[in-house]
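J.:
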Amino acid sequence: GLLEANVCVLDDISRAPGEALNVLLRMLNERKYAGTVLPLRCAIATGNPAREEFFNEPLDPAVLDRFTLQVSAGGLIKGANWEAAAKVVRQYCNSAAAGPAGKNGVAGFSATQWDRYDKGLEVVEFPEELMQVLLKIMTALVSEHGLGTGHPSLLTDRTFLVKAPRVMRARALLEGRTCCIEEDLYVLRLLTRFRIPESVHDRITEIIDKVLEEHRENPPPPDQVGQGGGGEGDSKGDPPQSGRQQHQPSQENASDQEKTKTQESTLASQLVSALKYMKFFLDSLRGVTPQINNDPVNIEGAEMLLKSLSGSLQRSNADLGCNAGGVPRQWRPMRCLSEAEDADVVALSLWCSTPSPLLPRAAQRQRTERGGAMAIIRDISDSMSRPRQEYLLARCASTTVRAIVELARSS
11 GLLEANVCVL
21 DDISRAPGEA
31 LNVLLRMLNE
41 RKYAGTVLPL
51 RCAIATGNPA
61 REEFFNEPLD
71 PAVLDRFTLQ
81 VSAGGLIKGA
91 NWEAAAKVVR
101 QYCNSAAAGP
111 AGKNGVAGFS
121 ATQWDRYDKG
131 LEVVEFPEEL
141 MQVLLKIMTA
151 LVSEHGLGTG
161 HPSLLTDRTF
171 LVKAPRVMRA
181 RALLEGRTCC
191 IEEDLYVLRL
201 LTRFRIPESV
211 HDRITEIIDK
221 VLEEHRENPP
231 PPDQVGQGGG
241 GEGDSKGDPP
251 QSGRQQHQPS
261 QENASDQEKT
271 KTQESTLASQ
281 LVSALKYMKF
291 FLDSLRGVTP
301 QINNDPVNIE
311 GAEMLLKSLS
321 GSLQRSNADL
331 GCNAGGVPRQ
341 WRPMRCLSEA
351 EDADVVALSL
361 WCSTPSPLLP
371 RAAQRQRTER
381 GGAMAIIRDI
391 SDSMSRPRQE
401 YLLARCASTT
411 VRAIVELARS
421 S
């Protein structure tokens, strides 16, 4: 069982109750049980999508992040992958074609071999320059794609600062190398499948290509520790110091001019907004309906925002309702013998030996009921009204609010 295995497969983990997951995750994290060190080296979990037809719920983000490599496996037939389908048929129907490893065609992997790979992994180097590229990729995901603080994505330190370099080193080891190269960065797509929005995951290869291209065009300067601004001033004397002082007045003048332009632009915007409201008021007195351009605006990045909100709306809930396809969460009295499948096995055995009017207890299955309320707070101040820009800010806000409302209705 799990206490003696080197590799375990946790099938359909998305259906496991929370109590069992808490114990399981603690064992996976500590690799101990009741003070005994477990020989477990690797845990593989499977689960169905969190959709209505599968009668399960999304995994908790903390549970999902425990599994480093994440893959979405589709069916071979529906995916029209006939070459792989033929291999499956041969594997299970022709033992002679399966090879010397036996019916399953999978050679054994001993603990000794695993130890040898672990020792080899310690020798594989992870260059400093490659670490800088990895951090630039993380910077691109956070700054350019909005996956920073406040976003429900799982860009955790444990996965991308600890596990990711180890996976890259493992790839180098499998290819017979003792040092990681740029190609090893592409293993990140095996870590981002369920940790970031699907639209960003589908572009992760392009993001890595872009960061690598920028890194090659603008390589980092050589290490100049101890050669900062203070050392440079000491070596060249006072002229650089005086030069910086000569440029300060011009910078101050430019800053004053920029402030003046900003103030003039703000005053003009306020005057135009006041004229707009006066026109609306006069039109309403004459019984004329004001004409406002309320056409939707194409907002770059709105799709990514809606995808992140979609996950939050789907995870939100009002109450837990009883459902035959739900997850067992607590015990309740059994109402009829047709519920024997969910009955407590021990209590049912005792009841069968000595029947009584009081039926044994059974598991109560509950499921998260979709529902709840959503509040949208929108800025309607004068800062959103820019007539010269065709009220672009207000129209962008209206377009976003309408899209969020439609998303909530569909969810």
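Counting with this note's numbering, you get residues 11 to 421 for the letters of the sequence shown. Every residue, glycine too, gets a C-beta built ideally from N, C-alpha and C. Bear in mind the structure is a predicted one, so any value in this text is a computation, not a measurement.
Using a Cβ distance threshold of 8 angstroms, determine whether the region 80–99 contacts the region 182–195, with at least three qualifying pairs required.
T.: Verdict: no, contact absent.
J.: Between Glu40 and Asp389, what straight-line distance do the alpha-carbon atoms span, to the nearest angstrom?
T.: So the two alpha carbons sit approximately 48 angstroms from each other.
J.: When the Cα of Leu319 is compared with those of Ile206, Asn32, Val73, which residue comes out closest?
T.: Nearest option by C-alpha distance: Ile206.
J.: Identify every residue that forms a DSSP beta bridge with Gln376.
T.: In the DSSP output, where bridge partners are listed per residue, Gln376 has Cys332.
J.: I'd like to confirm the pairing. Which residues does DSSP put opposite Cys189 in its beta bridges?
T.: Glu135.
J.: Buried or exposed for Gly240, going by 16 or more other Cβ atoms inside 10 Å?
T.: Here the model assigns Gly240 a pLDDT of 39, short of 50, so the residue's position is not dependable, and the following value carries that caveat. Burial call: exposed.
J.: Taking C-beta to C-beta, are Leu201 and Leu86 nearer than 8 angstroms?
T.: No. Outside cutoff.
J.: Tell me the DSSP secondary structure of Cys52 in three-state form.
T.: Cys52: strand per DSSP, three-state reduction.
J.: Looking at the strands, I want to know which residues DSSP matches up with Ala353.
T.: Per DSSP, Ala372.
J.: Would you say the beta carbon of Pro338 is closer than 7 angstroms to some non-hydrogen atom of the ligand GDP?
T.: Only the bare structure without any ligand can be found here, which leaves the ligand GDP out of the picture.
J.: My output table needs one value for Leu149: the three-state DSSP class, helix, strand or coil.
T.: Note that residue 149 is Thr in the sequence shown, not Leu. Three-state result, Thr149: helix.
J.: Judging by CA-CA distance, which residue of Met178, Tyr196, Val197, Leu198 is the nearest neighbour of Cys190?
T.: Out of Met178, Tyr196, Val197, Leu198, Met178 has the C-alpha closest to the C-alpha of Cys190.
J.: Starting from Leu200, trace the alpha helix (DSSP H) both ways and give me its first and last residue.
T.: From DSSP, Leu200 is part of no alpha helix (DSSP H); its letter is neither H nor E.
J.: Hey, how far is the Cα of Val221 from the Cα of Val143?
T.: Their Cα atoms are separated by approximately 7 angstroms.
J.: Would you mind giving the Cβ-Cβ distance between Thr56 and Asp22, rounded to the nearest angstrom? I have them listed as a contact below 8 angstroms.
T.: The Cβ separation is near 6 angstroms, so the contact holds.
J.: Given Ala9, which residues of its chain have a CB within under 7 angstroms of its CB, disregarding the five upstream and five downstream residues?
T.: With the chain running from 11 to 421 in the structure shown, residue 9 is simply not present.
J.: Can you give me the C-alpha to C-alpha distance between Glu29 and Pro338, rounded to a whole angstrom?
T.: C-alpha separation (whole angstroms): 10 angstroms.
J.: Does DSSP put Gly253 in a helix, a strand or coil?
T.: Here Gly253 scores only 41 on pLDDT, less than 50, and its place in the model should not be relied on; the value that follows carries that caveat. Correct three-state label for Gly253: helix.
J.: Less than 8 angstroms between the beta carbons of Pro370 and Trp361, yes or no?
T.: Yes; because the gap between Cβ atoms is below 8 angstroms, this pair is in contact.
J.: Within 10 Å of its beta-carbon, does Thr364 have 16 or more other beta-carbons around it, so buried, or fewer, so exposed?
T.: Thr364 should be labelled exposed.
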